[in-house]
Amino acid sequence: NILINLAGKSVNCRYNKKNRDRIISSRVDATRVLGKAIKMATRPPQLWVNTASATIYRSSNDRPNDEYNGEIREEKDMNMPYSFFDRCRRNMQKCTTALRHGKHSRAYEELDKDFSIKVCLEWEKAMNEITLPNTRRIIFRTAITLGRGGVMVPFLNLAKWGLGGRQGHGNQMFSWVHIQDVCAAIEWSYEHPETEGVYNLAAPNAIPNTAFMATLRRITGHKFGLPAYNWMLEMGSWLIGTETELILKSRWVYPARLLETGFRFRYANIEDALQNIVQQTPQSHYHLFLRTKVAANL
239 NILINLAGKS VNCRYNKKNR DRIISSRVDA TRVLGKAIKM ATRPPQLWVN TASATIYRSS
299 NDRPNDEYNG EIREEKDMNM PYSFFDRCRR NMQKCTTALR HGKHSRAYEE LDKDFSIKVC
359 LEWEKAMNEI TLPNTRRIIF RTAITLGRGG VMVPFLNLAK WGLGGRQGHG NQMFSWVHIQ
419 DVCAAIEWSY EHPETEGVYN LAAPNAIPNT AFMATLRRIT GHKFGLPAYN WMLEMGSWLI
479 GTETELILKS RWVYPARLLE TGFRFRYANI EDALQNIVQQ TPQSHYHLFL RTKVAANL
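Residue numbers (the numbering used here): 239 to 536.
See the structure below:
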């Protein structure tokens with residue numbers, strides 16, 4: 239009766255060509271294969287739920303993005319400010335691309351576009367491009383998902399070792415959702431046949447990075463946390479093989495349509511969510527410098 243697609247390579251990696259190709263193909267190809275299978279099925283599922291990413295919206299500090307007025311901008315400088323390392327890497331890529339393909343080539347123009355937005359757009363397009371008259375479709379643009387393990391492990395490590403201060407300038411918004419609410423929203427969509435289309439799956443109360451880290455320190459009992467400046471994050475992300483976008487992009491997402499259906503989040507506030515997660519996560523699970531694959535989407 240229901241098909242749920244959560245497939246996709248972790249974005250907790252460096253965005254080199256190999257990883258970019260795998261990130262896109264693991265999402266887009268899997269979605270297209272499922273769409274074709276549903277179309278050929280003699281008894282297609284009543285509902286097809288596909289996860290997508292709330293990072294599809296621009297970096298936003300001025301207002302939240304909901305399904306009605308959220309801004310989707312492909313330009314990289316509208317989504318993630320260029321760091322020193324970004325500029326160096328971008329200039330090198332532009333030089334090599336100009337030599338190989340020319341400055342007026344499509345490959346050269348693509349360098350100014352945001353990779354994460356490209357992934358999100360192609361991901362959703364893959365689901366919408368096929369006609370399925372007998373199957374209701376829902377796309378959940380999911381925020382960073384918090385639960386036992388996953389993205390919480392590095393955050394807990396930072397707090398434990400006195401590094402749980404603000405990250406970057408600390409004003410970037412942090413949209414999140416508890417894993418239990420993700421499961422509840424999927425179940426809700428199945429039980430309510432009037433639901434269809436795109437929904438933001440994020441807790442209604444996003445907070446700045448500074449407030450998130452302060453709440454985490456308080457709940458874990460660590461009063462002190464050194465801040466991490468942009469250059470420190472750039473060096474650290476390079477050492478462990480990931481990207482600073484996962485921390486520094488301002489993600490401010492509001493679940494307007496989901497709330498309109500009557501859905502209520504069990505964990506609407508970050509303090510309740512973190513209390514629940516920390517209680518379930520023994521300190522023996524924290525490991526300094528442990529590289530953990532992020533359970534969240536882009």
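Every residue, glycine too, gets a C-beta built ideally from N, C-alpha and C.
Quick caveat: nothing in here was measured; it's all calculated off a predicted structure.
Express the C-alpha separation of residue j and residue i in angstroms, rounding to a whole number.
i: Leu496; j: Glu434; result: 10 Å
i: Pro446; j: Gln410; result: 5 Å
i: Thr458; j: Gln418; result: 21 Å
i: Met470; j: Arg252; result: 16 Å
i: Gln284; j: Trp490; result: 32 Å
i: Lys356; j: Gly308; result: 16 Å
i: Arg281; j: Asn239; result: 9 Å
i: Thr293; j: Gln331; result: 24 Å
i: Trp361; j: Val516; result: 33 Å
i: Ser475; j: Thr380; result: 23 Å
i: Leu244; j: Thr289; result: 6 Å
i: Gln518; j: Asp350; result: 43 Å
i: Asn438; j: Asp259; result: 26 Å
i: Tyr492; j: Arg502; result: 13 Å
i: Trp399; j: Arg375; result: 44 Å
i: Arg265; j: His407; result: 32 Å
Starting from residue i, follow its DSSP beta bridges and name the residues at the other end.
i: Gly435; result: Ile376
i: Pro446; result: Met411
i: Lys351; result: Glu313
i: His416; result: Leu384
What span of residues does the beta strand (DSSP E) with residue i cover, start to end?
i: Leu241; result: 240-243
i: Asn288; result: 285-291
i: Thr269; result: Where Thr269 is concerned, there is no enclosing beta strand (DSSP E), although the alpha helix (DSSP H) it sits in stretches over 255-278.
Which whole-angstrom value describes the C-beta separation of residue i and residue j, a residue pair presumed to lie in contact below a C-beta threshold of 8 Å?
i: Val420; j: Ala440; result: The pair is not a contact, with the Cβ atoms about 10 Å apart (cut-off 8 Å).
i: Lys277; j: Leu370; result: 6 Å
i: Gly463; j: Met473; result: Actually they are not in contact, since the Cβ atoms of Gly463 and Met473 sit about 19 Å apart, beyond 8 Å.
i: Ala449; j: Gln405; result: Going by Cβ atoms, the distance from Ala449 to Gln405 rounds to 12 Å, so no, they are not a contact pair.
i: Ser413; j: Cys358; result: The Cβ separation is near 14 Å, so there is no contact.
i: Asn317; j: Arg311; result: 7 Å
Using 8 Å as the threshold, is the region 291-306 in touch with the region 326-343, meaning 3 or more CB pairs across them?
no
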